[in-house]
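Some notes on the structure that comes next.
Numbering (the numbering used here), first residue to last: 9 to 118.
Below is the structure:
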């Protein structure tokens, strides 16, 4: 397979908090898909996604093409696909119902 078509994966553990101001940002960039790993024993059950056009910028709630906030129901000890509505945005944050560290896997092509 040509290197030009090789997918590149980035894995990062981020702190997800109950407010956008204290949640770590995740650079999505040119990613085409990704997933979030919720650790065993976590009390996180929901994520609301926020985005910004620049690093350390002003974050606003993400909305999809149906004008619905991009939210996600999750469970402990599971890997969940990131919502498709996140891709095409530069930076995102996941605001959760209970603070937790989670691993984010982002696949990108470049």
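The beta carbon of each residue, even a glycine, is placed where N, CA and C say it ideally should be.
C-beta atoms of residue i and residue j nearer than 7 Å
| i | j | result |
| --- | --- | --- |
| residue 31 | residue 82 | no |
| residue 63 | residue 69 | no |
| residue 105 | residue 54 | yes |
| residue 56 | residue 84 | no |
| residue 107 | residue 26 | yes |
| residue 86 | residue 46 | yes |
Among the options, nearest to residue i - alpha-carbon criterion
| i | options | result |
| --- | --- | --- |
| residue 33 | 85, 89, 105, 61 | 61 |
| residue 109 | 50, 35, 27 | 50 |
| residue 99 | 47, 74, 21, 66 | 66 |
| residue 24 | 44, 17, 16, 72 | 44 |
| residue 52 | 80, 75, 101, 89 | 80 |
Residue burial classification, residue i (beta-carbon count within 10 angstroms, cutoff 16)
| i | result |
| --- | --- |
| residue 114 | buried |
| residue 28 | buried |
| residue 20 | exposed |
| residue 16 | exposed |
Per DSSP, the bridge partner or partners of residue i
| i | result |
| --- | --- |
| residue 102 | 57 |
| residue 31 | In the DSSP output, where bridge partners are listed per residue, residue 31 has none listed. |
| residue 89 | 43 |
| residue 113 | 19, 43 |
| residue 108 | 24 |
Any chain B beta carbon closer than 7 Å to residue i
| i | result |
| --- | --- |
| residue 67 | Any reference to chain B falls outside this structure, which holds one protein chain only. |
Measuring CB atoms only, is the stretch 39 to 55 touching the stretch 89 to 97, in the sense that at least three cross pairs come out at less than 8 Å? yes
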